[in-house]
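Have a look at the structure below before the remarks.
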Amino acid sequence: MSDGKLGENNGDLLQINGVRIEATFAEAFDMKATRIIITAMDEIWAEHAASAMSGFGTSVIDCKLEIDVERRLFPIETPDGRPGIALLAFAMSGSELEKQIVRRAGQCVLTCPTTALFAGLPVEGVPRDKRMPLGKSLRFFGDGNQISKVIDGTRYWRIPVMDGEFICQHEAPRTAGIGGGNFLLVARDIMAASRAARAAIGAIDSMPDVITPFPGGVTRSGSKVGSKYKSLIASTNNEYCPTLRGITNSQLGEGENAVLEIVLDGLTFESIADAMRRGITAACESCGEHGLVAVTAGNYGGKLGRHHFHLHEILS
Amino acid sequence: MSDGKLGENNGDLLQINGVRIEATFAEAFDMKATRIIITAMDEIWAEHAASAMSGFGTSVIDCKLEIDVERRLFPIETPDGRPGIALLAFAMSGSELEKQIVRRAGQCVLTCPTTALFAGLPVEGVPRDKRMPLGKSLRFFGDGNQISKVIDGTRYWRIPVMDGEFICQHEAPRTAGIGGGNFLLVARDIMAASRAARAAIGAIDSMPDVITPFPGGVTRSGSKVGSKYKSLIASTNNEYCPTLRGITNSQLGEGENAVLEIVLDGLTFESIADAMRRGITAACESCGEHGLVAVTAGNYGGKLGRHHFHLHEILS
Amino acid sequence: MTRWHFRRRASESGKPLTQSIDASAIRREWLCEKSESEINALEITVDGLAVSLGDVFELSIASSEDTQIVIEGELDEVHGLGTLHDQGDFRIVGNAGHGIGSGMTGGTLSVDGDAGDYVGGPYGAHKVGMAGGVIKITGHVGSYAGHRMRRGVILVHGNAGQMLAASAVAGTICVGGHVGQYVAVGMKRGTIVLANSSGLVNQADEMGGTSSNRFSPPMRFDPAFLNLYRDPMFDEITLSLRQLPVFRTRADRTVGGLGEVIFPAGAELAIDV
Amino acid sequence: MTRWHFRRRASESGKPLTQSIDASAIRREWLCEKSESEINALEITVDGLAVSLGDVFELSIASSEDTQIVIEGELDEVHGLGTLHDQGDFRIVGNAGHGIGSGMTGGTLSVDGDAGDYVGGPYGAHKVGMAGGVIKITGHVGSYAGHRMRRGVILVHGNAGQMLAASAVAGTICVGGHVGQYVAVGMKRGTIVLANSSGLVNQADEMGGTSSNRFSPPMRFDPAFLNLYRDPMFDEITLSLRQLPVFRTRADRTVGGLGEVIFPAGAELAIDV
Chain E
3 MSDGKLGENN
13 GDLLQINGVR
23 IEATFAEAFD
33 MKATRIIITA
43 MDEIWAEHAA
53 SAMSGFGTSV
63 IDCKLEIDVE
73 RRLFPIETPD
83 GRPGIALLAF
93 AMSGSELEKQ
103 IVRRAGQCVL
113 TCPTTALFAG
123 LPVEGVPRDK
133 RMPLGKSLRF
143 FGDGNQISKV
153 IDGTRYWRIP
163 VMDGEFICQH
173 EAPRTAGIGG
183 GNFLLVARDI
193 MAASRAARAA
203 IGAIDSMPDV
213 ITPFPGGVTR
223 SGSKVGSKYK
233 SLIASTNNEY
243 CPTLRGITNS
253 QLGEGENAVL
263 EIVLDGLTFE
273 SIADAMRRGI
283 TAACESCGEH
293 GLVAVTAGNY
303 GGKLGRHHFH
313 LHEILS
Chain F
3 MSDGKLGENN
13 GDLLQINGVR
23 IEATFAEAFD
33 MKATRIIITA
43 MDEIWAEHAA
53 SAMSGFGTSV
63 IDCKLEIDVE
73 RRLFPIETPD
83 GRPGIALLAF
93 AMSGSELEKQ
103 IVRRAGQCVL
113 TCPTTALFAG
123 LPVEGVPRDK
133 RMPLGKSLRF
143 FGDGNQISKV
153 IDGTRYWRIP
163 VMDGEFICQH
173 EAPRTAGIGG
183 GNFLLVARDI
193 MAASRAARAA
203 IGAIDSMPDV
213 ITPFPGGVTR
223 SGSKVGSKYK
233 SLIASTNNEY
243 CPTLRGITNS
253 QLGEGENAVL
263 EIVLDGLTFE
273 SIADAMRRGI
283 TAACESCGEH
293 GLVAVTAGNY
303 GGKLGRHHFH
313 LHEILS
Chain A
786 MTRWHFRRRA
796 SESGKPLTQS
806 IDASAIRREW
816 LCEKSESEIN
826 ALEITVDGLA
836 VSLGDVFELS
846 IASSEDTQIV
856 IEGELDEVHG
866 LGTLHDQGDF
876 RIVGNAGHGI
886 GSGMTGGTLS
896 VDGDAGDYVG
906 GPYGAHKVGM
916 AGGVIKITGH
926 VGSYAGHRMR
936 RGVILVHGNA
946 GQMLAASAVA
956 GTICVGGHVG
966 QYVAVGMKRG
976 TIVLANSSGL
986 VNQADEMGGT
996 SSNRFSPPMR
1006 FDPAFLNLYR
1016 DPMFDEITLS
1026 LRQLPVFRTR
1036 ADRTVGGLGE
1046 VIFPAGAELA
1056 IDV
Chain B
786 MTRWHFRRRA
796 SESGKPLTQS
806 IDASAIRREW
816 LCEKSESEIN
826 ALEITVDGLA
836 VSLGDVFELS
846 IASSEDTQIV
856 IEGELDEVHG
866 LGTLHDQGDF
876 RIVGNAGHGI
886 GSGMTGGTLS
896 VDGDAGDYVG
906 GPYGAHKVGM
916 AGGVIKITGH
926 VGSYAGHRMR
936 RGVILVHGNA
946 GQMLAASAVA
956 GTICVGGHVG
966 QYVAVGMKRG
976 TIVLANSSGL
986 VNQADEMGGT
996 SSNRFSPPMR
1006 FDPAFLNLYR
1016 DPMFDEITLS
1026 LRQLPVFRTR
1036 ADRTVGGLGE
1046 VIFPAGAELA
1056 IDV
């Protein structure tokens, strides 16, 4: 058992601050992604818009979109020099991403006082078929009174609304993304699991290029593919349900009574790997003595997703 | 002009703290509504679940559901004695309400660590066809290992998840609701409008039986029915767009440069009327000297919605 | 609504009070439709003989806010009380005999005292026991409490005898005191909450030994759903489960059962956990 | 990439420098494909006569990080510079003649000095003016700047003459100094930003009077979109709009135009608002 901060990897045995790191990997999938930036007169309106925009965006299964705040932006970082928030969104296809972003922007940003909406990835050089409409669709709300401006090669729309003009970039690029990076925190009890999960999310929260779209960044409804009910494509992951030990197969041993999962979507393999490393390390360091027992990861045997995040590699 | 706190109504002239109250009315519609309660181990997880559940829920136009936090509940007020949050949701039909609530609960509450989900309206005596499924649908996630408990005549489900059991009430009643109560704050500039809107929302926030589903409770994208573009069913409300003065008809006079709208959905006419009164009064009292010029309301001539909230009656 | 109050007469026609009485005919649904004289004329079986109810119990009827049936007096050998009870309060003041709440479907049956065997069991030749409602017993119960139980709640403040929840298919049984041998035999589904784990510890050989595979290995468990029970007696009985680490075992595994027995660690066990 | 540097010769064949030169043939697209000698042989029109470019300008070619065309020297009577400019920097050091940036579609055209009439206007007989890119002028411009402009930005640090943005259909013109008569005549769409409102105040009779209905009544306006312009010269010119209340009027209403003229309140006006 290690007291040190760095993991010690003896063959298949890796521990961080006494927490067992399983010799397994997270399996992740190709997705389509974009970054958008919401700015506003002040941080409060920006937060309201971002919160509305990113709600009900935990999983593509039923939300169609996985979307969350990436990070807060200083005024100097935003296109219009106002306080802003960057969000990352992921979907299974470019057309779904497009549809969901426009729909949500229309309901959550166009509506929100003082906000403006911008692409968060550079448009220049992006081929037309990799661009999704923002203002290109939303402008019609202006009913003919919208005004277009091309500034430094980028088109924006000024759409008349009751508080003045809603400024909205014409298009946003979409790019390749990776969804489904993950790790599981196995703990003595839910208190310890909750604390470890919050430590992990605290470490990941401000990292660029990656989001953790579940509520508070965490989920407890890990699933397996399929179900005894034919209409369900996924159902509870028996092997990690502490209450099913003794009656179904379990991955949980004595004293492993609560599991929480962090799911990560990122723009690059590296951003997800980085976030997994930081999140796992933070959880282990803060909770190794306080009930966090093991860290593992979810995969489908490597057959479904082409991105594999091996915990021992990431943490070595 | 009045210095007093109460509005003075001289015929058609009503002012509160110097703010002109227009002799008009808000027109609202029948909707289907429900209340749900999310509880959790602590307030933090409850907030995460409620925030996910209520996101992208500003307007039925594209969100299908208008949903927001109604109020925070003390542990003693919740079915399982834990900290909780009550949410109200409104939809255009019972079946849509049902569909959206189950979908969102599955993605935002079932997933969220430590949470439980309950009906927020009494089930007893509600006919079967006015009940919507909660656990009745979500239980299947348990893949046969879910456990039902009938306690004091109410059925609950215990669904095995990674942090233990997700406890979820079997059904929730739906009831009649009213959507689209509203008032508009007309101000000298966006700063004053923003301040007045926040004062109004601050006064409404904790009120029972009513929500303000737009981001931060406020919207700036007031709309008119129809558009010059045939596919659009609504477009910007020219008459309240300050930037369109001089080129289209306007309701805005000299010095009326920013308008924000509060839209309210409620379980009863009285709850909406109460909230309008408190919100308008708070806005006028705090911003009458600071740039709030007038309060008005949106209607369609009284022909589309059967609930009319006359500002002068509400405020007298 | 109505309150029917039955007080057992001190003696019936001069005979001693050691008779066995089948009182299963005293049912809310039946009482509702009858006059006082009709009720008094009801034939019940006393030591195998038909006797008029009025000869055994003194009846008084009053209007009440709730539907209430109250039985008072020497009831140790009065069996089948609360049979098929369906709504309102059925209150037994004193120790009751066997088979109370048989086939009950709703309402509350409370015993201010002990109860005999087969609390909440099947009625007559039926295959399933109690199907709803709550049975609350301030004292002890005999064997086979919750036999073949299908739904509802049985709260026992005191001890329970052998064969608790035998062949139960659902429902909740909560025992504050000790439990006898053969807990959960043939149990398919349902919940047993034991506030006192010593009864199970006495069956330790069954809990992982080779003599019986009835129970799955006990695991730590967060009995969050218990918070949904709002009965003060329930709270009182289950106090220890809020103070000690809680375990759960599934039973009866020999029949593939998914019932659950929830119990707190003993103090010495708690130190380890 | 390449940098073409043209320095006007002090004299051409002993003649005085008062000639009118049409330099509209000096275009990036054309230069790119030509050798130094071919460029020097290009015929341009000087006082109506064909002259070799090399006779008027001394050319030096160097490799460069960006595409750059630099014209230096006595240029007051050199017209059409930057015509159809499409990408990279076209830099004029000194006062330029008329018609600079005619029909321009992209890149930057900068004048370190004044420019004549028809900045960014149509090329030749075309119906629309400048269609893209940025023209930046440190000094003043003559009349008809932005004539029939369709897209792009014209920044004028100094004053602008009469008929600014006449018949413009889009684009942005920003003037730091005063503007002459007949602003926005026939303007359909597009934006004029005036850092100094006195030019418009001088046209006050037109702004609500009966002599002209060209402008809609000026209204308070939050020019938030100006924050999207990141050019330091733009920031410098529009400083007053960040410090004073801003108004906007739509023009030219006599032709149903939806162009906009954005300007700060004069100091005395600001007190009232």
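Protein chains in written order, with the numbering used here: chain E, 3 to 318; chain F, 3 to 318; chain A, 786 to 1058; chain B, 786 to 1058. The C-beta atom is built at its ideal place from N, Cα and C for all residues, glycine as well.
Proximal residues of chain F, C-beta to C-beta of residue i below 8 Å
{"i": "Asp897/B", "result": "What Asp897/B touches in chain F: nothing, since even the nearest Cβ is about 36 Å away."}
{"i": "Ala1009/A", "result": "Asp82, Ala118, Gly166, Glu167, Ile169"}
{"i": "Ser837/B", "result": "Correct list: empty, because the minimum Cβ distance to chain F is about 54 Å."}
Inter-residue spacing [alpha-carbon to alpha-carbon] between residue i and residue j
{"i": "Asn825/B", "j": "Ile854/B", "result": "15 Å"}
{"i": "Tyr1014/A", "j": "Glu68/E", "result": "37 Å"}
{"i": "Gly268/F", "j": "Gln109/E", "result": "20 Å"}
{"i": "Gly304/E", "j": "Pro210/E", "result": "27 Å"}
{"i": "Asn19/F", "j": "Asp897/B", "result": "57 Å"}
{"i": "Gly1042/A", "j": "Met972/A", "result": "6 Å"}
{"i": "Thr890/B", "j": "Ala277/F", "result": "56 Å"}
{"i": "Thr893/A", "j": "Gly57/E", "result": "45 Å"}
{"i": "Ile78/F", "j": "Arg1035/A", "result": "32 Å"}
{"i": "Thr270/F", "j": "Thr113/F", "result": "32 Å"}
Chain-ordered chain E contacts of residue i [CB-CB under 9 Å]
{"i": "Glu263/F", "result": "Met164"}
Pick from the options that is closest to residue i, judged by C-alpha positions
{"i": "Tyr929/A", "options": "Cys817/A, Ala945/A, Ala1050/A, Ser805/A", "result": "Ala945/A"}
{"i": "Arg141/E", "options": "Lys230/F, Asp165/F, Gly96/F, Gly146/F", "result": "Lys230/F"}
{"i": "Arg813/A", "options": "Asp871/A, Ile1022/A, Met934/A, Ile920/A", "result": "Asp871/A"}
{"i": "Asp156/E", "options": "Leu234/E, Asp64/E, Ala121/E, Ile180/E", "result": "Position check: residue 156/E holds Thr in this sequence, whereas Asp was assumed. The shortest Cα separation from Thr156/E among Leu234/E, Asp64/E, Ala121/E, Ile180/E belongs to Ala121/E."}
{"i": "Asn184/F", "options": "Ile206/F, Asp154/F, Ile40/F", "result": "Ile206/F"}
{"i": "Ala1009/A", "options": "Met55/F, Val128/F, Phe27/F, Thr116/F", "result": "Thr116/F"}
Distance cut-off 7 Å: residue i Cβ against heavy atoms of the ligand SAH
{"i": "Gln966/A", "result": "In terms of ligand content, the structure shown is empty, and the ligand SAH therefore cannot be addressed."}
Beta strand (DSSP E) segment containing residue i, residue limits
{"i": "Arg1035/B", "result": "1031-1036"}
{"i": "Gly183/F", "result": "177-189"}
{"i": "Arg788/B", "result": "787-793"}
{"i": "Asp211/F", "result": "Taken as a continuous stretch (DSSP letters only), Asp211/F belongs to no beta strand (DSSP E), as it is neither H nor E."}
Amino acids of chain B, ordered along the chain, whose beta-carbon sits closer than 7 Å to that of residue i
{"i": "Val152/E", "result": "Arg936"}
Chain E residues whose Cβ lies nearer than 8 Å to that of residue i
{"i": "Arg1035/A", "result": "Gly248, Ile249"}
Neighbour list for residue i in chain A, Cβ cutoff strictly below 7 Å
{"i": "Gly245/E", "result": "Residue identity differs from the one stated: residue 245/E is Thr in this sequence, not Gly. In chain order: Phe1006."}
Partners in chain A for residue i, counting only beta-carbon separations shorter than 9 Å
{"i": "Asn259/E", "result": "Met1004, Arg1005, Phe1006, Asp1007"}
Cross-chain neighbours of residue i in chain E, by beta carbon under 7 Å
{"i": "Ser1025/A", "result": "Near Ser1025/A there are no residues of chain E at all, since even the closest Cβ is about 18 Å away, more than 7 Å."}
First and last residue of the uninterrupted alpha helix (DSSP H) at residue i
{"i": "Glu859/A", "result": "No alpha helix (DSSP H) holds Glu859/A; DSSP gives it neither H nor E."}
{"i": "Pro1017/B", "result": "1017-1022"}
{"i": "Thr283/F", "result": "271-289"}
{"i": "Asp64/E", "result": "62-65"}
{"i": "His50/F", "result": "45-56"}
{"i": "Met193/F", "result": "192-206"}
Contact list for residue i against chain B, beta-carbon separation under 8 Å
{"i": "Ile63/F", "result": "Ordered by position in chain B, no residue passes the 8 Å Cβ test against Ile63/F, which lies about 26 Å from the chain."}
### Query
Looking at C-beta atoms only, is the number of pairs between the stretch 86-101 of chain E and the stretch 72-86 of chain F that lie closer than 8 Å three or more?
no
### Task
Check whether the stretch 830-842 of chain B touches the stretch 805-812 of chain B, taking contact to mean three or more Cβ pairs, one atom from each stretch, closer than 8 Å.
yes
### Task
Please determine if the stretch 272-283 of chain E and the stretch 192-206 of chain E are in contact, where contact requires at least 3 C-beta pairs separated by less than 8 Å.
yes
### Any 3 or more C-beta pairs closer than 8 Å across the stretch 154-167 of chain F and the stretch 1018-1035 of chain A
no
#### Entry: Contact the stretch 286-305 of chain F vs the stretch 183-198 of chain F: 3+ CB pairs below 8 Å
yes
### Query
For the 8 Å Cβ check, are there 3 or more pairs between the stretch 216-225 of chain E and the stretch 34-49 of chain E?
no
### Query
Hey, is the stretch 172-180 of chain E in contact with the stretch 29-36 of chain E, meaning 3+ C-beta pairs nearer than 8 Å?
yes
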